[in-house]
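Okay, so the sequence shown: first residue is 108 according to the numbering used here, each after it adds one.
Note that the Cβ used here is the ideal one computed from N, Cα and C, for glycine as well.
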Amino acid sequence: MPSPLPRPKPCCLHPISMNIISFLVGALVLIFFSTLQKILVGQIHVVFQPRGYIIPTLYGGFTGIVLGQWYRRTKEKQAALLHAYNETLVGWAKAIELRDKSTEDHTQRVVLLAEELARAMALPEADLVHLRRGALLHDIGKIAIPDAILSKPAALTSEERAIIEEHPEQAREMLENIEFLKPALCIPCCHHERWDGSGYPHGYIGEEIPLMARIFAVADVWDALTSDRPYRKAWSRADALAHIEENTGKLFDPTVVEAFLNYIRPTLS
Numbered sequence: 108m109p110s111p112l113p114r115p116k117p118c119c120l121h122p123i124s125m126n127i128i129s130f131l132v133g134a135l136v137l138i139f140f141s142t143l144q145k146i147l148v149g150q151i152h153v154v155f156q157p158r159g160y161i162i163p164t165l166y167g168g169f170t171g172i173v174l175g176q177w178y179r180r181t182k183e184k185q186a187a188l189l190h191a192y193n194e195t196l197v198g199w200a201k202a203i204e205l206r207d208k209s210t211e212d213h214t215q216r217v218v219l220l221a222e223e224l225a226r227a228m229a230l231p232e233a234d235l236v237h238l239r240r241g242a243l244l245h246d247i248g249k250i251a252i253p254d255a256i257l258s259k260p261a262a263l264t265s266e267e268r269a270i271i272e273e274h275p276e277q278a279r280e281m282l283e284n285i286e287f288l289k290p291a292l293c294i295p296c297c298h299h300e301r302w303d304g305s306g307y308p309h310g311y312i313g314e315e316i317p318l319m320a321r322i323f324a325v326a327d328v329w330d331a332l333t334s335d336r337p338y339r340k341a342w343s344r345a346d347a348l349a350h351i352e353e354n355t356g357k358l359f360d361p362t363v364v365e366a367f368l369n370y371i372r373p374t375l376s
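Now the structure itself:
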């Protein structure tokens, strides 16, 4: 009597193999239904080649779906990261104001005014992003200034004034290695430069001063003059406006002043 055949052993797949098979089956199902849906709505046109192969079309549809999802997720992550960067800058600006109580809320006001002035001058949106970042950090160099000078309730001596005038270069040292802030660096570093070369720290003249810094300078002086400071009361808006007009072509870029006057005068009536 022939010996009985051995009973087959049950087939057991390794868990990793099962995962691979599940992935492949799921991918095929996704390919089929996603591509079928696109065919039905006319987003994919199936063209049969002489050999009648449809696999390349299916593969292309699947690849497009995967790449589209990856691109969307990447854009979402980039947007979240950019938001975190910008919120960090706002936090830095608040830290500066906490250090220098005399300029409380100055940063937010001057950021908004500089943005409006830049829009009035038709600056591209990309430049407005950099202008806002630079405006938020325009006085970050003051972190390095001693409290006794920064908060002095009287006029500064010439020696103290010289120390204050170091803050644009302090800002450069703090920020110059931060890649995404490089296009905005001109405002912290150049917002005290003046059209006639009388400003600091470099004594730049005219268009040697970056445009964003020239725009910000007008907004900054306007807000500074119309706000209380420890050593003086706020000027009237009329007096501040007269000061800016009188210094057109001296301290301030005439083109920027013209745009500023067109923007601010309707708000004075």
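Judged by their CB atoms, Ala191 and Leu244 are not nearer to each other than the 8 Å cut-off. In this structure Gly241 is buried. Its beta-carbon is surrounded by 16 or more other beta-carbon atoms within 10 angstroms. Runs of alpha helix (DSSP H) with 4 or more residues, each lying fully within the region 207 to 281, are found at 213 to 227, 232 to 243, 254 to 257 and 265 to 271, listed in chain order. Distance from the CA of Phe367 to the CA of Ile203, rounded to the nearest whole angstrom, comes to 27 Å. The alpha-carbon of Glu314 is positioned some 12 Å away from that of Cys297. In the same chain as Leu224, and ignoring 5 residues on each side of it, the C-beta atoms closer than 8 Å to its own belong to Ile322, Val325, Ala326, Val363, Ala366, Phe367 and Tyr370, in chain order. A Cβ-Cβ separation of about 7 Å places Glu222 in contact with Leu238 under the 8 Å criterion.
Taking all protein chains in view, the Cβ of Thr264 is surrounded by fewer than 16 other Cβ atoms within 10 Å, so the residue is classified as exposed. Ranked by Cα distance from Trp302, the first of Pro308, Pro295, Ile312 and Lys259 is Ile312. Going by DSSP, Trp329 is part of the alpha helix (DSSP H) stretching over Leu318 to Leu332.
By the Cβ test, the region 330 to 346 is not in contact with the region 269 to 287, since fewer than three Cβ pairs between them sit closer than 8 Å. Excluding its 5 nearest sequence neighbours in each direction, Asp360 has C-beta neighbours in its own chain below 6 Å: Trp302 and Arg321, listed in chain order.
Ala345 and Ala187 have their alpha carbons spaced roughly 43 Å apart.
Rounded to the nearest whole angstrom, the CA to CA distance from Leu230 to Ile294 is 15 Å.
In this structure, DSSP gives Arg301 a state outside helix and strand, which the three-state scheme calls coil. Rounded to the nearest whole angstrom, the CA to CA distance from Ser376 to Asp246 is 32 Å. For Leu368, the enclosing alpha helix (DSSP H) starts and ends at Pro361 to Leu375. Counted as a single uninterrupted DSSP element, the alpha helix (DSSP H) harbouring Arg344 occupies residues Arg344 to Glu353. Contact check for His213 against Lys249 fails: the beta carbons are separated by 8 Å or more.
With fewer than 16 other Cβ atoms inside 10 Å of its own Cβ, Gly356 counts as exposed. Across the set Pro253, Pro260 and Pro290, the C-alpha of Pro253 shows the shortest separation from the C-alpha of Glu272.
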